[in-house]
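Working notes for the structure below.
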Amino acid sequence: MHFVISDILMAFFFAIAGKEVWEALLPGGPLSNMRKAATPLIATLGGMAGPAGLYLLGCYYTGTMSELGNGWAVPMATDIAFSYLVARLIFGPGHVAIPFLLLLAIADDAGGLLILAIFYPQKELVPLWLLATVGAIILGLLMRRLKLQSFWWYLLLPGVLSWVSFFKAGIHPALGLVPIIPTLPHAQTDLGLFAREELGRHDTLNEFEHWWKNPVEIFLGLFALANAGVVLSSSGTGTWLVLAGLLIGKPVGITLFTWLGQKIFKLELPTGMGFRHLLTVGMVAGIGFTVALFVATAAFKPGTPGLDPVKMGALGSFAAAFMAIIGARAMGIRPGGAATNKEEPAAETGKEEDASAD
390 MHFVISDILM
400 AFFFAIAGKE
410 VWEALLPGGP
420 LSNMRKAATP
430 LIATLGGMAG
440 PAGLYLLGCY
450 YTGTMSELGN
460 GWAVPMATDI
470 AFSYLVARLI
480 FGPGHVAIPF
490 LLLLAIADDA
500 GGLLILAIFY
510 PQKELVPLWL
520 LATVGAIILG
530 LLMRRLKLQS
540 FWWYLLLPGV
550 LSWVSFFKAG
560 IHPALGLVPI
570 IPTLPHAQTD
580 LGLFAREELG
590 RHDTLNEFEH
600 WWKNPVEIFL
610 GLFALANAGV
620 VLSSSGTGTW
630 LVLAGLLIGK
640 PVGITLFTWL
650 GQKIFKLELP
660 TGMGFRHLLT
670 VGMVAGIGFT
680 VALFVATAAF
690 KPGTPGLDPV
700 KMGALGSFAA
710 AFMAIIGARA
720 MGIRPGGAAT
730 NKEEPAAETG
740 KEEDASAD
């Protein structure tokens, strides 16, 4: 059952995450214009380096590097779905901080996919099998050339081939559907993550998402139930290291790297967003939850001493939601505040707007 949930069903979750990354690169997408995307991408680097660095530093000072060191990527994760819901609760729909957070989370997912593939192979790597992955991509492109529109063809032929190639190559098979996502017929523009207008699109890629979106939510619940079976007594050093990475390292890393980007590369925050919004986004991004759980199960073999404490930390990362809500209120951020359409003072000065702006 663990194999079915973690290796097969979760492949559809990562396929949908891969779809969002791919669409973000299309015209109109947040990654299509590197100048526009530069600030949140720099923030993403901080949101990955901060938690990982703090986790490893904690391992070093607690003398647990051999036992827990392999879990350095666990606190790098951001749960897109939960962070989006919490951000809407804090800022209100339409606030400029929400697309900033989503771009950060998409880029975080893209980095996470690479880390899973490179640093957490499931067995000895057999690179020759990746030729089958290339074959799956070519087959998908050929099928698109033949104007096959049903996503089922792409799942059952190149999708299965790609998944098997990952399994045989020693790369986590949950990533196996990601390479075929760009081969599915798709719209040439991106309307944005969670955009309501996408519901009216009927290209193959969006039909794939529409069909699998609700089942994937069930799969995530099953994954959480299957992998969250830890008792409170399982908490330990790994728990606190993961929580430190997500609750402290994530917001500090995001804020620090953004500030450095402004000073060194003259980057700017979007109009209507100041450092208090950025810090809040950093706290919201600390919700690792299901994605952090997945990385934990990839980083530690079943039965190893570090697994349950680290999983406890991943589960406890939902505390970032409460921290963000309280922090936002303390900084004067209210849902539907005027920051959706009024400009914050130059963020690089670190000065805040008059409280009446929110």
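Read in this note's numbering, the sequence shown has 446 at position 57, and its numbers run on one by one without any break. All C-beta atoms in this analysis are idealised placements derived from N, C-alpha and C, irrespective of residue type, glycine included.
Distance between residue j and residue i (C-alpha atoms, nearest Å)
i	j	result
residue 669	residue 490	10 Å
residue 736	residue 707	Confidence in residue 736 is poor, its pLDDT being 46 and thus under 50, which makes the residue's placement unreliable; the coordinate value appears in the next sentence. If you take the alpha carbons of residue 736 and residue 707, they lie about 28 Å apart.
residue 527	residue 552	15 Å
residue 742	residue 717	At residue 742 the pLDDT is 42, less than 50, meaning the model places this residue with poor confidence and gives no usable figure here.
residue 633	residue 444	7 Å
residue 614	residue 412	30 Å
residue 610	residue 705	16 Å
residue 517	residue 556	12 Å
residue 512	residue 591	39 Å
residue 502	residue 616	19 Å
residue 483	residue 663	16 Å
beta-carbon residue i near the ligand GDP non-hydrogen atom, thresh 7 Å
i	result
residue 456	Within the structure as shown, the ligand GDP is missing, as the structure has no ligands at all.
Residue span of the alpha helix (DSSP H) that contains residue i, given as start and end
i	result
residue 697	696-705
residue 652	639-654
residue 628	626-633
residue 669	664-673
residue 610	593-616
residue 488	486-508
residue 412	399-413
residue 714	708-719
Neighbourhood of residue i by C-beta, 8 Å cutoff - its chain only, sequence neighbours within 5 removed
i	result
residue 436	465, 467, 493, 497, 639, 642, 643, 646, 671, 674
residue 500	433, 437, 465
residue 711	none
residue 715	none
residue 744	A caution first: residue 744 carries a pLDDT of 40, below 50, which makes its placement in the model unreliable, though a value can still be read off. If we look at residue 744 and ignore the five residues flanking it on each side, its Cβ neighbours are 721.
Beta-carbon contacts of residue i that lie in its chain and below 7 Å, excluding the five residues immediately before and after
i	result
residue 696	685, 689
residue 448	454, 457, 458, 630
residue 525	547, 550, 551, 554, 568, 569
residue 428	647, 650, 656, 657, 658
6 Å Cβ shell around residue i - same chain, five flanking residues per side excluded
i	result
residue 680	466, 468
residue 724	481
residue 407	567, 570
residue 653	none
residue 759	For residue 759 there is no data in the structure shown, the boundaries of the chain being 390 and 747.
Proximity below 8 Å, CB of residue i to CB of residue j
i	j	result
residue 699	residue 537	no
residue 529	residue 504	no
residue 562	residue 396	yes
residue 431	residue 656	yes
residue 676	residue 475	yes
residue 682	residue 709	no
residue 401	residue 608	yes
residue 510	residue 452	no
residue 574	residue 534	no
residue 623	residue 701	yes
residue 506	residue 564	yes
residue 722	residue 405	no
CB contact check: residue i to chain B, cutoff 8 Å
i	result
residue 518	In the displayed structure, chain B is absent; only one protein chain is listed.
Decide if the stretch 414-423 is in contact with the stretch 439-454; the criterion is three or more beta carbon pairs, one per stretch, under 8 Å apart. no
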